[in-house]
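Residue numbers (this note's numbering): 5 to 191.
Structure, rendered in structure tokens:
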């Protein structure tokens, strides 16, 4: 009985000590505020080039190979020379072996148009017989690849995320990946 009491007391004392340490730490803590700027648009607000990109991303969902998730994603990229390329997600039974639409599109653009920066990337998702009402955002791996492309070409990539109800416009991947990891950390 005494041992149980000592254990409880030890836990209580440890807990109180931890609370004191946390209290001291929180008083010294400084806050970092991160702001992302995302414009909310409708399809009618887009210019003809952006509409063409959104339509290309939606069309690209048709070439998606997504038998496991039934979640088709398409992307279309406007390159600096005016060329538009597109791609879709490609799944595999070994899930990590699949590729997202954003990376498929970017890797195709790089292999076929190596010297052309991506100016704008549009993304759309289709599932259960319809496009999503709200925009879908790139996964973490795609965000990292887009960041690398921005750094490589020293040019921000404007991103249009399609949803039936609204479209998000992001001026740079840094708004979606503010505390990013890049080659600067490897030097």
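Glycine is no exception: its CB is placed at the ideal position from the N, C-alpha and C atoms. Everything numeric in this text was worked out from a predicted model, so none of it was measured.
Scanning the stretch 98-166 for uninterrupted alpha helix (DSSP H) segments of 4 residues or longer gives 105-116, 144-157, listed from N- to C-terminal end. Residue 64 sits in a helix when the DSSP states are folded into three classes. Annotated three-state conformation of residue 72 is coil, per DSSP.
Per DSSP, the beta bridge partners of residue 81 are 89, 125. Residue 181 is classed as buried because its beta carbon has at least 16 other beta carbons within 10 Å across all chains shown. DSSP places residue 174 in the uninterrupted beta strand (DSSP E) bounded by 171-174. In this structure residue 40 is not in contact with residue 80, their Cβ atoms being roughly 23 Å apart against a cut-off of 8 Å.
Spatial neighbours of residue 67 in its own chain (CB-CB distance under 7 Å, excluding positions within 5 residues in sequence) are listed in chain order as 92.
Straight through space, the alpha carbons of residue 112 and residue 83 are spaced by roughly 12 Å. Cα atoms of residue 119 and residue 53: separation of roughly 21 Å, rounded to the nearest angstrom.
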